[in-house]
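Okay, so here's the structure we're looking at.
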Amino acid sequence: MDSTLEFVIKHCSTQLELYQRCIENNPNDWGSVCQKEKNELSKCSEDNNPLLKQIKKQCDGIIQAFDKCLNENETDPEKNCITLLRNLYDCTENVAAKFNKKASDEDKYSQSHGNVNINTKK
Numbered sequence: 007m008d009s010t011l012e013f014v015i016k017h018c019s020t021q022l023e024l025y026q027r028c029i030e031n032n033p034n035d036w037g038s039v040c041q042k043e044k045n046e047l048s049k050c051s052e053d054n055n056p057l058l059k060q061i062k063k064q065c066d067g068i069i070q071a072f073d074k075c076l077n078e079n080e081t082d083p084e085k086n087c088i089t090l091l092r093n094l095y096d097c098t099e100n101v102a103a104k105f106n107k108k109a110s111d112e113d114k115y116s117q118s119h120g121n122v123n124i125n126t127k128k
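Have a look at this one:
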């Protein structure tokens, strides 16, 4: 999850900053007020990171439950949504581990099968 966050910060810093600012400026109703900023951050993240696409696909149910909890508990999400946050963290870590293993295996395969020259000249 840390590498994903670093990626988002690097590639979507403007969208992240706008979303954070909106949340800070609307502490009591940010869930509804900041929907545009949230969607723009999500789109940027998904468009630029295949891992995030995979996480969104495989952790969709947990993501939706966490979002619902946040929207229903705007004034105290830390208290009421911590279990869902832990579940989401675990899901993203599992998806990331599988994704990174697959990428590593593909790299090893490419390296072991090297640059094979199919142009054979006599």
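The sequence shown begins at 7 in this note's numbering and counts up one residue at a time.
Each residue gets a CB set at the ideal place from its N, CA and C atoms; glycine is no exception.
A quick note: this is a predicted structure, and the numbers were derived from the prediction, not measured.
Sorted by chain position, which residues of the same chain lie with C-beta nearer than 6 angstroms to residue i's C-beta, five sequence neighbours on each side aside?
i: ASN54; result: HIS17
i: GLU43; result: LEU24, TYR25 and CYS28
i: ASN125; result: Reliability of the predicted coordinates at ASN125 is poor, the pLDDT of 49 falling under 50, and the value obtained from them is presented with this limitation in mind. The answer is none, since no qualifying residue turns up.
i: CYS50; result: CYS18 and GLN21
i: ASN123; result: Low confidence applies here, because ASN123 scores a pLDDT of 49, under 50, leaving its location unreliable; read the following figure in that light. Result list for ASN123: empty, nothing under 6 angstroms.
Is there a Cβ of chain B sitting closer than 8 angstroms to that of residue i, yes or no?
i: ASN31; result: Structure shown: chain B not included; a single protein chain is present.
Quick one: what's got a C-beta closer than 7 angstroms to residue i's C-beta in the same chain, skipping five residues either side?
i: ALA71; result: LEU90
i: LEU57; result: THR10, ALA102 and PHE105
I'd like to know whether the C-beta atoms of residue i and residue j end up nearer to each other than 8 angstroms.
i: CYS65; j: VAL101; result: yes
i: LYS59; j: GLU52; result: yes
If residue i sits next to residue j, beta carbons under 8 angstroms apart, how far is it from one beta carbon to the other, in whole angstroms?
i: ASN77; j: GLY37; result: 4 angstroms
i: ASP35; j: GLU80; result: 6 angstroms
i: THR98; j: ILE61; result: 5 angstroms
Out of the options, point me to the one whose CA is closest to residue i's CA.
i: GLN26; options: THR10, LEU47 and GLU12; result: LEU47
i: CYS87; options: ASN32, LEU58, ALA103 and ILE68; result: ILE68
i: ASP130; options: CYS40, GLN41, PRO33 and ASP111; result: The structure shown has nothing for residue 130, since the chain only spans 7 to 128.
Less than 8 angstroms between C-beta atoms, sequence neighbours within five positions excluded: which residues of the same chain meet that for residue i?
i: CYS138; result: One cannot answer for residue 138 here, as it falls past the ends of the chain, which runs 7 to 128.
i: LYS128; result: The pLDDT assigned to LYS128 is 43, lower than 50, so where the model puts this residue is not dependable; a value taken from the coordinates is nonetheless given after this. Cβ within range, chain order: n/a, list empty.
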